[in-house]
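In the numbering used here, the protein residues as written are 1002 to 1453.
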């Protein structure tokens, strides 16, 4: 297979990767020269400005390499594991494979908090891998688990094709995590071809989808093919679409599809799945998180549904400023949101003061306590909504969510005091990728509570 790219990566690949001196260095691996006359020791480490990710993948495929290539750009490194030139796994930021699987299953509703707690405890002593544990507990069967892994690999690989700045290094001696050893390898060529196609289409899709704060809503009756139970949907969705390099565009052929509706039958499985997630309340960012289809497939499905008249997308900012939001810069919208929510917070403070005064005038203690707790919960929920608004605006302006909530205040999208919750509570925030985050209100750990 000819390897595309600036160098051509044919006979001249060795010279391209070792010259000029000092540009590329690192651990040596052995490859055969094109004429087959001898083995050439070649260091494989360098700058992504010299060789793009698709070129590197094709090179490893051509020479049937096994090992791990680490790609470091902004943020944590991503590790892509190869076996005989085929991709067998991806780990973002060096995270444990088992943790990655648990996050996906929790997102899809397979796991409860109690299930996750039991699995984590069992993994401390059970070294057989997450696959065996999940099967013995009856959480998910092997076919669905394999499909989830393959989908996750693709979801993590495609964004790498956009990376233009950073470094790479190949480690032939890095062992594959045991949890990945059961995966069927993925061929590089169809992944690269599909990834490059997505790369060309993505700017237009992203421009048309607009802010991820938008709220899709249904405009038509649900397609009859969308009436499947959730378990059956997951089985079909993760059983045979998009995990072997082909596009996720194969339509459902179930008898539940309306036989007289050509428009419904032409909807893909991913489009029907996304349609089920549209409820008029979830934002695009929330649909992206729970769909488990990745940014490209989910956004493309939303646009297709919109074009066919199944859904509309209500811009989030238009709900805040129905008459002027389209003309307001994002920062002005943020300031207006901030003002309105701070006004609400002020009202809550007045109510709290009134409750305290009522207690001092002879009110029942327990009534006052319950009232203060209720007001604190209300205040905290308003603060959480404000933080979510600021996160979306930060994402809109800078292309990804921040590493810390404090970054919102530093960017003047949020008042610093908004991050301080009422009662023994605090924000628990974790950025799980450029397009994903988790935000919860959690009790302050006992050892960290201020002394009174």
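Here a beta-carbon is modelled for each residue, glycine too, at the ideal position from N, C-alpha and C.
Being a predicted model, the structure only gives us computed values, none of them experimental.
In the pairwise beta carbon analysis, the stretch 1172-1182 is classified as touching the stretch 1074-1091: at least three pairs are separated by under 8 Å. Taking a cut-off of 8 Å for Cβ pairs, the stretch 1377-1384 and the stretch 1196-1203 do not touch, as fewer than three such pairs fall below it. Per the C-alpha coordinates, the member of 1268, 1113 and 1313 positioned closest to residue 1217 is 1313. Residue 1219 is bridged by DSSP to 1312.
Beyond the five residues adjoining it in sequence on each side, residue 1164 comes within less than 7 Å, by CB distance, of 1049, 1054, 1072 and 1074 in the same chain, given in chain order. Residue 1143: member of the alpha helix (DSSP H) spanning 1143-1158, first to last residue.
The alpha-carbon separation between residue 1270 and residue 1056 amounts to approximately 31 Å. Boundaries for residue 1161: no beta strand (DSSP E) harbours it, and the DSSP string shows neither H nor E there. Counting of Cβ neighbours within 10 angstroms places residue 1291 among the exposed residues, the total staying below 16. In the displayed model, residue 1048 falls within a strand according to three-state DSSP.
Shown here, residue 1082 sits in a strand according to DSSP, grouped into three states. Between the alpha carbons of residue 1205 and residue 1297 lies a distance of about 11 Å. Residue 1272 has its alpha-carbon roughly 20 Å from the corresponding atom of residue 1200. Counting only runs that start and end inside the stretch 1379-1430, the alpha helix (DSSP H) elements of at least 4 residues fall at 1407-1411.
As the crow flies, the alpha-carbon of residue 1396 is around 22 Å from that of residue 1281. For residue 1124, the uninterrupted alpha helix (DSSP H) segment begins and ends at 1114-1124.
In the three-state reduction of the DSSP assignment, residue 1092 falls in the strand class. Short of 6 Å from the beta carbon of residue 1432, and not among the five residues preceding or following it, lie these beta carbons of its own chain, in chain order: 1402, 1404 and 1438. In the structure shown, residue 1440 adopts extended strand secondary structure according to DSSP, grouped into three states. In the three-state scheme derived from DSSP, where H, G and I count as helix and E and B as strand, residue 1066 is classed as coil. Ranking 1445, 1304 and 1444 by CA distance to the CA of residue 1215 puts 1304 first.
Secondary structure at residue 1196: helix, using DSSP grouped into helix, strand and coil.
Restricting attention to 1400, 1399, 1407 and 1398, the CA atom closest to the CA of residue 1388 is found in 1407.
If you look at residue 1168, you'll find it in the beta strand (DSSP E) that goes 1168-1172. Note that the C-beta distance between residue 1190 and residue 1062 is below 8 Å. Note on geometry: alpha-carbon atoms of residue 1425 and residue 1391 lie some 23 Å from one another. Residues of the same chain with a CB within less than 7 Å of the CB of residue 1299, apart from the 5 flanking positions on each side, are 1275, 1288, 1289 and 1292 in chain order. For the options 1393, 1430, 1428 and 1434, the alpha carbon positioned closest to that of residue 1414 is the one of 1393.
Cβ-Cβ distances below 8 Å link residue 1124 to 1099, 1131 and 1134 in the same chain, with the five nearest sequence neighbours on each side left out; the list follows chain order.
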